[in-house]
Each structure stands twice: as C-alpha cells, then as structure tokens.
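Peer 1: Mind having a look at this structure? Questions to follow.
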C-alpha cells in the first residue's frame with residue numbers, strides 16, 4: 001500500500017509542551033462494539049511469580065530513551081517523580097501490593113470543595129487534590145488513581161497533590177467537577193460540548209461544593225462486558241498465558257473503540273503463541289473517554305487488580321493497541337527499530353488502498369518512555385510495541401491490523 005495529537009497511552013514527558021487531542025467524538029455505536037463485547041474473554045486467575053521465557057536471539061538493541069518521549073499527553077501530571085505511584089520501589093512490588101490490598105480498601109465519603117483546585121490548567125481536568133487523612137485512609141499516593149462517585153455518576157481521577165485543611169475535603173478544577181454531573185435527578189443529560197483538549201465547566205456543579213464517594217478500587221468487579229456496557233461501567237479483562245508476549249488495550253470498550261477487540265482477535269488467531277492479554281474496557285453513552293480515560297503512562301498498577309496480576313511477571317515483548325486522532329498509523333514503542341519496522345511493513349502490506357499510511361512512531365508518537373505501559377511490562381522496560389491508529393482504520397480494518405501485527409511477531 002502506498003499512498004491530535006493523541007488520546008492515547010503514550011509516555012509522559014514533563015519537559016515537552018503537550019499538544020494532544022482525542023477521538024472521543026468518534027465513539028463506537030452499539031453495533032460496532034458487539035464483537036468486542038461478546039468475545040469469549042475468560043479471566044484466567046493465576047498466582048505466584050513466573051520466570052520469563054527468554055527468546056533466543058533477541059533482535060537489535062534497546063531504543064534510546066530521551067528526546068522525543070512518545071505521545072506526550074496534555075492531561076499528564078507535572079513534575080511527577082513516578083507516574084505509577086510514589087513510594088513503590090518496583091512494578092513487581094506494586095503488583096503484589098495491588099493484588100493483596102485491592103479488595104481490602106475502604107472507600108471514603110468526602111466533600112468536593114467549592115473552591116477550585118489551584119495550579120490545575122484547564123486541560124488537566126482528570127486530576128484531584130486530596131487531603132492527607134483521606135489519602136492515608138485510602139492507602140493511595142500521588143500518581144495513583146481513585147474512583148469518584150456521585151449518585152449515578154462515576155469517573156476516574158489521578159491524585160496529583162496532597163492538600164492541607166479539612167480532613168474530608170478534596171479539590172479539582174471546575175472542569176473536573178463537571179465529569180460527575182451527567183446525571184441530575186436520576187436522568188442522564190449531556191447537552192454540553194466537550195472539546196478535545198479540555199473538559200467542560202458549564203455544568204451546575206462547577207461553582208458548587210458537593211459530596212462524593214472516593215474508592216481506591218477503580219474498575220467495577222464481576223461484570224461481563226455486556227453488563228458493563230449496560231451500566232456505563234469500567235472493567236478489566238485478563239487472560240493469563242505465557243510470558244513471551246503481553247497484548248494490551250489500556251483504553252478498550254468505547255474509550256478508544258475497537259482496540260479491545262483487536263486484543264481478542266490477535267489472541268484467538270494466534271492461540272499457539274505464548275500470549276497474556278489484558279484489556280481495560282470503559283463504557284458510557286458518549287462519555288466513556290471523559291470519565292474513564294487515563295494515559296497508560298500514568299496507570300498505577302495497584303489501582304487495577306487484573307493489571308497487577310499481569311505485572312507479576314515481565315514479558316519478552318508487549319503490544320498495545322491504541323487510538324489517535326491523526327490520519328497515519330504509527331508504530332512506536334521502545335522495542336528495537338527492526339522489530340517495529342517489521343510490524344509497520346506487515347500492517348502496510350495488509351491494508352487496502354484506502355487505509356492510512358503506516359510510519360514508525362516519532363515525536364509525540366514515539367512511545368519509547370519506560371513509563372508507557374507497553375514498555376513498562378517488558379524486561380528492562382525496553383521491548384514494547386505501541387500501535388496508534390486513526391478511528392477510520394480501526395472501524396474498517398481493526399481485525400486486519402491485529403492479524404498483521406500477529407503475523408509479524410509470531411510467524412516471523
């Protein structure tokens with residue numbers, strides 16, 4: 001074949017201006033998500049720590065980290081010492097902690113202060129400032145996610161700062177408040193326009209104080225994809241397999257449509273491969289991106305129990321399917337360039353003439369930071385393959401792209 005900036009999981013760079021957007025206005029219809037929702041995704045629960053199975057003859061050398069951290073996300077946390085939670089020495093320790101404690105945490109009822117959080121730019125409406133006593137009770141730290149619920153509304157926020165003052169007070173921006181204002185008197189209403197780089201501050205809660213429940217357990221437990229879709233919920237799906245490959249969709253469901261289905265397709269078509277897969281699937285009528293999206297570089301392992309299970313072992317390689325708002329398919333990640341080029345060539349050869357051009361990730365789409373989830377779960381955080389795809393290609397060719405990625409990795 002010849003011929004945004006992101007809402008993605010890219011690496012967080014704290015010294016590069018963010019110029020990102022999203023494809024949230026291109027959410028999937030019910031029919032479009034049927035294949036993903038009805039796929040046979042049975043979570044295979046395992047325990048213990050596995051040793052990685054070394055692939056003989058690893059190709060190339062790890063990509064250099066530094067300039068051009070991939071897919072800089074404008075909703076990132078500034079000057080964050082660690083984007084996966086402060087205080088945990090390693091991903092393995094975080095995984096152990098997350099698996100052991102996720103079901104033991106208590107939620108807290110707090111008041112969202114009338115005063116908006118200071119030092120929160122408009123485009124950081126996913127961040128939460130939290131009082132120290134609340135943080136201690138939840139056993140969460142700066143960089144971790146929490147679930148905030150107000151009546152029928154729920155959204156995920158990242159703790160970006162600890163504040164002094166009333167022990168039961170939290171703060172967010174006016175836009176952050178509006179993320180839990182879709183239901184009034186039990187009825188859903190969304191007549192507001194959400195921009196790509198910012199939220200909305202024209203809701204009734206923007207200047208008000210109100211009570212919410214904060215829960216350290218972010219995904220809903222024990223729901224099938226169809227149940228999660230009906231309830232507008234967030235769930236995880238884990239299929240444990242071998243330690244050679246991890247296949248990920250950190251923004252599946254209706255957050256970045258079709259990416260979760262690509263994980264299912266790749267795993268089913270290449271069932272003989274040593275593959276472990278994980279999907280985070282968010283649903284909600286035209287609100288899934290704004291309520292559930294967290295850049296994968298910021299996903300805190302201890303807040304997602306199934307991700308914690310996956311992280312109990314490291315993988316030789318990992319693949320992540322993502323959505324972007326460009327008209328090009330980018331193949332980024334920290335894996336050696338020859339491996340990424342092989343994947344890019346396979347996708348390019350498989351696409352019909354109306355498919356988007358395929359390029360190696362660069363600049364915001366390099367995705368080579370060790371904090372980016374697809375790199376983080378691999379040995380030495382250096383063997384992730386990040387696939388960024390426009391909505392048009394995902395809608396028309398999601399299965400074809402997934403098969404092409406699998407062919408490059410498993411048939412080579």
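Numbering (UniProt numbering), first residue to last: 1 to 412. Note that CB positions come from ideal geometry on N, CA and C, so glycine has one too.
#1: Mind checking residue 352: buried by the 16 CB within 10 Å criterion, or exposed?
#2: For the pair the stretch 225 to 238 and the stretch 281 to 291, tell me if three or more CB-CB distances fall below 8 Å.
#3: Using a Cβ-Cβ cut-off of 7 Å (strictly less than) and excluding sequence neighbours within five positions of residue 109, which residues of its own chain qualify?
#4: Output the boundary residues of the beta strand (DSSP E) element that contains residue 168.
#5: Rounded to whole angstroms, what is the Cα-Cα separation between residue 203 and residue 184?
#6: Residue 317 and residue 264 - do their beta-carbons sit closer together than 8 Å?
#7: Apply the 10 Å Cβ neighbour rule to residue 311 and answer buried if 16 or more other Cβ atoms are within range, or exposed otherwise.
#8: Am I right that residue 277 and residue 267 are in contact with their C-beta atoms under 8 Å? What's the rounded C-beta distance?
#9: Using three-state DSSP, classify residue 360 as helix, strand or coil.
#10: Classify residue 130 as helix, strand or coil using the three-state DSSP reduction.
#11: Decide if residue 327 is buried, meaning its Cβ has at least 16 other Cβ atoms within 10 Å, or exposed.
#12: At a cut of 8 Å, does the stretch 346 to 360 reach the stretch 286 to 297 through at least three beta carbon pairs?
#13: What's the gap between the Cα of residue 299 and the Cα of residue 205?
#14: Quick check on DSSP: helix, strand or coil for residue 414?
#15: Enumerate in chain order the residues of its own chain whose CB-to-CB distance from residue 306 is below 8 Å, with the five nearest sequence positions on each side excluded.
#16: Within the same chain, show all residues whose beta-carbon is closer than 7 Å to that of residue 393, passing over the 5 residues directly before and after it, in chain order.
#17: Would you mind sorting residue 413 into buried or exposed? The rule is 16 or more other CB atoms within 10 Å of its CB.
#18: Between which residues of its own chain and residue 138 is the CB-CB distance below 7 Å, once the five residues before and five after are set aside?
#19: Go ahead and pull the three-state DSSP assignment for residue 406.
#20: Straight-line CA distance for residue 405 to residue 161?
#21: Between 129, 243, 242 and 257, which lies nearest to residue 398 when the distance is taken from Cα to Cα?
#22: By Cβ distance, which residues of its chain are closer than 6 Å to residue 151, with the 5 residues on each side in sequence left out?
#23: Quick test of your reading: residue 209 and residue 112, contact by CB under 8 Å. State the CB separation rounded to the nearest angstrom.
#24: Can the beta-carbon of residue 244 be found less than 8 Å from the beta-carbon of residue 315?
#25: Taking only the alpha-carbon atoms, compute the straight-line gap between residue 348 and residue 336 and give it to the nearest angstrom.
#26: For residue 396, name the three-state secondary structure that DSSP assigns.
#27: In three-state DSSP terms, what is residue 389?
#28: Looking only at its chain, what residues have a beta carbon closer than 8 Å to the beta carbon of residue 403, apart from the 5 residues adjacent to it on each side?
#29: Since residue 180 contacts residue 148 with CB under 8 Å, what's their CB separation in whole angstroms?
#30: Am I right that residue 369 and residue 408 are in contact with their C-beta atoms under 8 Å? What's the rounded C-beta distance?
#31: State the start and end residues of the unbroken alpha helix (DSSP H) segment that holds residue 374.
#32: Suppose only complete runs of 3+ residues qualify. What are the beta strand (DSSP E) ranges in the stretch 202 to 239, listed by chain order?
#33: Taking the continuous beta strand (DSSP E) assigned at residue 145, which residues delimit it?
Peer 2: On the basis of the coordinates in this document:
#1: exposed
#2: yes
#3: 211 and 213
#4: It is not in any beta strand (DSSP E) - residue 168 carries neither H nor E in the DSSP assignment.
#5: 11 Å
#6: no
#7: buried
#8: 5 Å
#9: strand
#10: strand
#11: exposed
#12: no
#13: 27 Å
#14: Because the chain is modelled from 1 through 412, residue 414 falls outside the range shown and cannot be assessed.
#15: 43, 219, 236, 237, 238 and 278
#16: 329, 355, 356 and 401
#17: The requested residue 413 does not occur in the structure, where the chain is confined to residues 1 to 412.
#18: 105, 108, 146, 214 and 216
#19: helix
#20: 40 Å
#21: 257
#22: 183
#23: 6 Å
#24: yes
#25: 19 Å
#26: helix
#27: strand
#28: 265, 266, 269 and 350
#29: 6 Å
#30: That pair is no contact at about 23 Å.
#31: 373 to 376
#32: 210 to 215 and 234 to 239
#33: 145 to 150
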